[in-house]
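Heads up: the protein sequence lines correspond to chains X and L, in order.
The numbering of the first sequence is full-length UniProt numbering, which starts it at 1 and goes up by one.
The numbering of the second sequence is full-length UniProt numbering, which starts it at 1 and goes up by one.
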Amino acid sequence: MEFKVPTMAELMAMGEEPEILFWVGCAGSYDERAQKITRDICKILHHVGIKYAVLGTEESCTGDPAKRAGNEFLFQMQAMTNIEVLNGYNIKKIVTGCPHCFNSIKNEYPGLGGTYEVIHHTQLIQDLINEGKLKAEGGESFKGRKITYHDPCYLGRGNGIYEAPRKALEVLDAQLVEMKRCKSNGLCCGAGGAQMFKEPERGNKDINIERIEEALETQPQIIAAGCPFCMTMLSDGVKLKDKDQEVKVLDIAEITAKANGL
Amino acid sequence: MASQIIFLILTLAGVALFTFNARKVIRNIKIGKPQNRTDQPAKRFATMLKVAFGQTKMAVRPVPFILHLVVYLGFVIINLEVLEIMIDGIFGTHRIFAGLGGFYNFLIGSFELLALGVWLACAVFLIRRNVLKLKRFSGVEMKSWPKSDANYILITEILLMTAFLLMNASDAKLQALGEGHYINAGAFPVSAYLQGLLPTSASSLILVERICWWFHIVGIFAFLNYLPYSKHFHILFAFPNTYFSNLEPKGEFTNMASVTNEVKAMLDPSFVPAETAPGKFGAKDVHDLTWVNLMNAYTCTECGRCTSVCPANITGKLLSPRKIMMDTRDRLEEVGKNIDKHGADHQDGKSLLDDYISREEIWACTSCNACTEACPINIDPLAIIVELRRFAVMEESVAPASINAMLGNVENNGAPWKYSPADRLNWAQEG
Numbered sequence: 001m002e003f004k005v006p007t008m009a010e011l012m013a014m015g016e017e018p019e020i021l022f023w024v025g026c027a028g029s030y031d032e033r034a035q036k037i038t039r040d041i042c043k044i045l046h047h048v049g050i051k052y053a054v055l056g057t058e059e060s061c062t063g064d065p066a067k068r069a070g071n072e073f074l075f076q077m078q079a080m081t082n083i084e085v086l087n088g089y090n091i092k093k094i095v096t097g098c099p100h101c102f103n104s105i106k107n108e109y110p111g112l113g114g115t116y117e118v119i120h121h122t123q124l125i126q127d128l129i130n131e132g133k134l135k136a137e138g139g140e141s142f143k144g145r146k147i148t149y150h151d152p153c154y155l156g157r158g159n160g161i162y163e164a165p166r167k168a169l170e171v172l173d174a175q176l177v178e179m180k181r182c183k184s185n186g187l188c189c190g191a192g193g194a195q196m197f198k199e200p201e202r203g204n205k206d207i208n209i210e211r212i213e214e215a216l217e218t219q220p221q222i223i224a225a226g227c228p229f230c231m232t233m234l235s236d237g238v239k240l241k242d243k244d245q246e247v248k249v250l251d252i253a254e255i256t257a258k259a260n261g262l
Numbered sequence: 001m002a003s004q005i006i007f008l009i010l011t012l013a014g015v016a017l018f019t020f021n022a023r024k025v026i027r028n029i030k031i032g033k034p035q036n037r038t039d040q041p042a043k044r045f046a047t048m049l050k051v052a053f054g055q056t057k058m059a060v061r062p063v064p065f066i067l068h069l070v071v072y073l074g075f076v077i078i079n080l081e082v083l084e085i086m087i088d089g090i091f092g093t094h095r096i097f098a099g100l101g102g103f104y105n106f107l108i109g110s111f112e113l114l115a116l117g118v119w120l121a122c123a124v125f126l127i128r129r130n131v132l133k134l135k136r137f138s139g140v141e142m143k144s145w146p147k148s149d150a151n152y153i154l155i156t157e158i159l160l161m162t163a164f165l166l167m168n169a170s171d172a173k174l175q176a177l178g179e180g181h182y183i184n185a186g187a188f189p190v191s192a193y194l195q196g197l198l199p200t201s202a203s204s205l206i207l208v209e210r211i212c213w214w215f216h217i218v219g220i221f222a223f224l225n226y227l228p229y230s231k232h233f234h235i236l237f238a239f240p241n242t243y244f245s246n247l248e249p250k251g252e253f254t255n256m257a258s259v260t261n262e263v264k265a266m267l268d269p270s271f272v273p274a275e276t277a278p279g280k281f282g283a284k285d286v287h288d289l290t291w292v293n294l295m296n297a298y299t300c301t302e303c304g305r306c307t308s309v310c311p312a313n314i315t316g317k318l319l320s321p322r323k324i325m326m327d328t329r330d331r332l333e334e335v336g337k338n339i340d341k342h343g344a345d346h347q348d349g350k351s352l353l354d355d356y357i358s359r360e361e362i363w364a365c366t367s368c369n370a371c372t373e374a375c376p377i378n379i380d381p382l383a384i385i386v387e388l389r390r391f392a393v394m395e396e397s398v399a400p401a402s403i404n405a406m407l408g409n410v411e412n413n414g415a416p417w418k419y420s421p422a423d424r425l426n427w428a429q430e431g
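Below, the structure is given as structure tokens:
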């Protein structure tokens, strides 16, 4: 990285507070593919000059996979520990790199004492575009390229956010094509509800294959995602279909960073 | 006079029997645990108006939307006619509202057009189910009773509409003959075409008219009493079900207050919980679910929109959200019968989890909310699946091995994978 990613601890030591906390999430921290997205989100934040910070080693799993798997104890242990850290730093606004973290912190933390303004990174990008702080210039041109966007369940149906990611793509002057099942009718990638961490139950097809076949029907050059779990499922699907040379699976943050030459 | 007494007895018996059965259903729903769904009454009322009365969620599929709308409007509007039948039946009058003149003609004329619409829509519905065999109406849970149930309802509605139209046709013919009390009233844009099928003599016509009149009203009482045994209960439950539906974002799962107490006590030894924790986490059986879950089960009309969009079901897994709702109702009915027979504390050694819904089903769910989005009357199968998972994980510690491994990682490393928390910021050093 060409710049240092500030942590909350460092900012506090300097007696400063960030405008926004970037909640990286477990996938964004450890998963090699998702780490790239994390770095691109930081590049965008750095590029527009927002004062931000990450928790670094003080961040821990939101508890989302535990809650979806039915372990409410573990979820609330994680949530309360995280809330203590967040409240300790007087955090007001959070941007997350993952719809699952986004959903947990936004909807499930307030009842446990953690109330923050929470946005997903695609909403941040939309806001920055609307405010004129972020354009699609100085980088790779996406003009006329065929992009199809896959709605993550916990962003779309879970929280009704369908437009922000699409706005971020519209600014590219690309050719947006919708899959047959999109927006509120979007098909899950197969990773939600803690499925990411287990083998699928017995059936006649994997869900990500069903989804990737639908995505490939639109003959895209890029499949856009907004969730690190979807990213894994979709990338695996494209590879299994032997299409990873022609079709790229990219996060909205990566596309935005590329378009701005970051 | 005799017919008035018979009518009155039938009416009272029909209503009494329905009340008796409906009270049992309400008692069964109350087996569920409390859940507060009385907040934001204005928003709840608006949701009911929009989703139940306005049927906005049906519009996603235009063909069944229009067909269903015809049946729905027919059902609601033609029931105005039932009011007249009731008054005529009790007081021995004939077409009591005929005094409304031109407006009466307009009403009867519109009823006839709607009746024809309902007749045709039900016929198309039968064809969709039995001839075209739409995929949505098949599946492991759609065998025997559920399959016949749908057909019985459609055939009954066709018979009721036929009786209504034949009644009008014979009435109109009797009017033309100037027979007795058959005064000139009503407009018959549809049944006029049925007149040719009917006999010509006044006595035969009166017989047909009376048979149809009685069939129509007895049929309606029979239908009313069929509801508690049928998926067709949705015509009543759709309204409370949408009123009491979840208004929070779909992604949000409830925070269990009982767990909050224990976790707070664990993190802060000085914390004293306000209330004592209940005996069980999650749901093994219907009495562990909330009354909203149980009302959802009685509301489900088994249309299968949920199952047709479920990613697990689409890819051949055992899970079917519709089956979750049907199993819940079947189990609840069984528990209700046990209460009737053996008293409230009877244990039959069975439970919703395992005897009705298998572990394989609950672990196939991706919690994607496609089912709750698709349900035209806001039924929530996911809430039941989550409660069953909670029981499996928190009470029994029984989950797929990989899930247990993930939970262990979250607990020990603060991440679902086996990475060291100390490495959490390593991404910032690379790239």
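Idealized CB from N, CA, C, for every residue including glycine.
- Residue contact check for X:Thr122 against chain L: no CB pair falls below 8 Å.
- Exposed is the label assigned to L:Arg23, since fewer than 16 other Cβ atoms lie within 10 Å of its Cβ.
- Sorting L:Val272, L:Met266 and L:Val386 by C-alpha distance to the C-alpha of L:Ile324 places L:Val386 at the top.
- Restricting attention to L:Glu179, L:Pro146 and L:Leu69, the CA atom closest to the CA of L:Met326 is found in L:Pro146.
- Between the segment 148 to 156 of chain L and the segment 120 to 129 of chain L there are three or more inter-stretch CB-CB distances shorter than 8 Å, so the stretches are counted as touching.
- Annotation: X:Val247 is outside any alpha helix (DSSP H) and is labelled neither H nor E by DSSP.
- Between the segment 117 to 127 of chain X and the segment 90 to 103 of chain X there are three or more C-beta pairs closer than 8 Å, enough to call the two in contact.
- Comparing C-alpha distances from L:Asn168 to each of L:Ile206, L:Leu132 and L:Lys133 shows the shortest one belongs to L:Ile206.
- Partner residues in the beta bridge of X:Lys146, as assigned by DSSP, are X:Gln175.
- Under the 8 Å Cβ criterion, the segment 49 to 65 of chain L counts as touching the segment 231 to 250 of chain L, having at least three qualifying pairs.
- Put simply, the CB of X:Val95 is far from chain L, with every gap to its CB atoms at 8 Å or more.
- Per DSSP, X:Thr96 lies in no alpha helix (DSSP H) segment; the continuous beta strand (DSSP E) that holds it begins and ends at Lys93 to Thr96.
- Taking a 10 Å sphere around the C-beta of L:Gln429, we find fewer than 16 other C-beta atoms and assign the residue as exposed.
- Within the same chain, Cβ atoms closer than 8 Å to the Cβ of X:Lys143 are found at Leu172, Asp173 and Ala174, the five residues on either side in sequence being excluded.
- By the C-beta density criterion, L:Ser320 is buried, having at least 16 other C-beta atoms within 10 angstroms.
- The CB of L:Tyr226 never comes closer than 7 Å to any CB in chain X; the least such distance is about 34 Å.
- For L:Ile314, the C-beta contacts it makes with chain X under 7 Å involve Glu210, in order along the chain.
- Per the DSSP secondary-structure output, X:Ile20 pairs in a beta bridge with X:Tyr52.
- Residue environment for L:Lys418: exposed (fewer than 16 other C-beta atoms within 10 angstroms of its C-beta).
- Residue-level contact by beta carbon fails for L:Phe65 and chain X, as no gap is shorter than 8 Å.
- Contacts with chain X at 8 Å (Cβ-Cβ) include L:Phe253.
- Looking at X:Glu59, X:Cys42 and X:Arg166, the one whose alpha-carbon comes closest to that of X:Leu262 is X:Cys42.
- The beta carbon of L:Arg390 sits closer than 8 Å to some beta carbon of chain X.
- In terms of beta-carbon proximity, L:Trp213 stays away from the interface with chain X, with every pair separated by 8 Å or more.
- In the DSSP secondary-structure assignment, L:Thr290 is bridged to L:Lys33.
- For the segment 392 to 420 of chain L, the residues whose beta carbon sits under 7 Å from a beta carbon of chain X are, in order, Ala392, Val393, Met394, Ala399, Pro400, Ser402, Ile403, Met406, Leu407, Val410, Glu411, Gly414, Ala415, Pro416, Trp417 and Tyr419.
- With respect to the C-alpha of L:Phe221, the residue from L:Arg210, L:Ala13, L:Ile5 and L:Ser3 having the closest C-alpha is L:Ala13.
- Counted as a single uninterrupted DSSP element, the stretch harbouring L:Val190 is not any alpha helix (DSSP H), since DSSP gives it neither H nor E.
- Using a C-beta cut-off of 8 Å, the segment 101 to 119 of chain L makes contact with the segment 72 to 89 of chain L, since at least three inter-stretch Cβ pairs fall below that distance.
- In terms of beta-carbon proximity, L:Gly282 lines the interface with chain X, with at least one pair separated by less than 8 Å.
- Between L:Thr315 and L:His234, the C-beta gap is not smaller than 8 Å, which leaves the two residues out of contact.
- Under DSSP, X:Thr7 forms a beta bridge with X:Val54.
- About 5 Å separates the beta carbon of L:Thr366 from that of X:Cys188, a gap short enough to meet the 8 Å contact definition.
- Beyond the five residues adjoining it in sequence on each side, L:Ile362 comes within less than 8 Å, by CB distance, of Leu319, Leu353, Ile385, Leu388, Arg389 and Ala392 in the same chain, given in chain order.
- Taking 8 Å as the cut-off, the Cβ atoms of L:Cys375 and L:Arg305 count as close.
- Using beta-carbon distances, L:Thr301 does not count as an interface residue toward chain X, since no partner is under 8 Å.
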